[in-house]
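FYI, the numbering for the sequence shown is 1 to 176, going by UniProt numbering.
Where a beta carbon is used, it is the ideal one built from N, C-alpha and C, also for glycine.
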Amino acid sequence: MSVTPSKKLIDKLLCMEVDDNDFHQATLDIMYDKWQNNHKKYSYKEILDWFEETYDSFAKFAVLIGKYNQQVCNGGHIQYFNNGYANGNGGCFNEHSSSIPLHKELIQLFKQTELKDEISLKALEILTKFEIEQEDDEILNCEYLQVLDKKYYEINEQFMDLINEYIKEKILGENR
1 MSVTPSKKLI
11 DKLLCMEVDD
21 NDFHQATLDI
31 MYDKWQNNHK
41 KYSYKEILDW
51 FEETYDSFAK
61 FAVLIGKYNQ
71 QVCNGGHIQY
81 FNNGYANGNG
91 GCFNEHSSSI
101 PLHKELIQLF
111 KQTELKDEIS
121 LKALEILTKF
131 EIEQEDDEIL
141 NCEYLQVLDK
151 KYYEINEQFM
161 DLINEYIKEK
171 ILGENR
């Protein structure tokens, strides 16, 4: 099964007159605009579920991979976990499960894409290796996570360019 954009998402992005280099960011902007202006009380998982129901799993994948990139590039995998984006309840003061359900969903959605180039496969490998070992709110595998951070930093710019191109191709290609 392949993750493809819905007509509703395609139409929304085409109406926005998105610059070629901004299809990924425009998809994120749609969700964040709704979250900030209409659904502030929603958790990250709740807004993602709303976004998927309103648009599709393609849109959800775009947001999940975008937020992963933003959090890891800003503070590493530890920040991604501590801020609740791997888990779904968000917020650095909430308790987060090391079972990381949203992160696992990101991996499943990623595997349904056509992203099979070398850089994307390296990113998928990093995503797959992400795990949290914790005891009493203390993360025990910090050094391991720092190694994953370094591996991701080596490819993240190329990977995000590929993500944008993939989203652009899917949006414009499905519109033809």
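For residue i and residue j, what's the separation of their Cα atoms in angstroms?
i           : j      : result
ALA62       : VAL147 : 25 Å
GLN134      : SER99  : 11 Å
LYS150      : LEU64  : 20 Å
LYS116      : ASP56  : 21 Å
LYS129      : TRP50  : 28 Å
residue 240 : HIS24  : Only positions 1 to 176 of the chain appear in this structure, which leaves residue 240 out of reach.
ILE10       : LEU140 : 43 Å
GLN79       : LYS8   : 33 Å
THR27       : GLN112 : 18 Å
GLN158      : LYS40  : 33 Å
GLY88       : LYS45  : 5 Å
VAL18       : ILE132 : 37 Å
LYS67       : MET31  : 12 Å
ASP33       : ILE47  : 11 Å
LYS168      : GLU105 : 22 Å
CYS142      : PRO101 : 20 Å
Report buried or exposed for residue i, applying the criterion of at least 16 other Cβ atoms within 10 angstroms of its Cβ.
i      : result
PHE93  : With a pLDDT of only 47 at PHE93, under 50, the local geometry of the prediction cannot be trusted, and no value is derived from it.
ASN69  : buried
GLN36  : exposed
LEU14  : exposed
TYR153 : exposed
ASN74  : exposed
ASN21  : exposed
ASN83  : buried
GLY173 : exposed
ASN38  : exposed
Going along the chain, which residues of its own chain have a beta-carbon closer than 7 Å to the beta-carbon of residue i, five neighbours each way excluded?
i      : result
ILE155 : ILE119, LYS122, ALA123
Residue i bridges to which residues according to DSSP?
i      : result
GLN134 : ILE139
Which residue from the options puts its Cα closest to that of residue i?
i      : options                       : result
SER6   : LEU145, HIS103, GLU53, ASP161 : GLU53
ASP137 : PHE81, ASN21, ASP20           : PHE81
ASP29  : ILE171, LYS12, VAL72          : LYS12
PHE110 : ASP33, ASN38, ALA59           : ALA59
GLN71  : TYR42, MET16, HIS103, GLU46   : HIS103
TYR144 : ALA86, MET160, HIS77, GLY88   : HIS77
In its own chain, which residues sit with a C-beta less than 6 Å from the C-beta of residue i, not counting the 5 before and 5 after it?
i      : result
LEU127 : ILE107
LYS170 : PRO5
ASN164 : PHE23, HIS24
Within 9 Å (strictly less), CB to CB, does residue i reach chain C?
i      : result
PHE110 : This model lacks chain C altogether, as it is built from one protein chain only.
Leaving out the 5 sequence neighbours to the left and right, which residues in its chain are closer than 8 Å to residue i when beta-carbon positions are compared?
i    : result
SER2 : GLN112, THR113, GLU114
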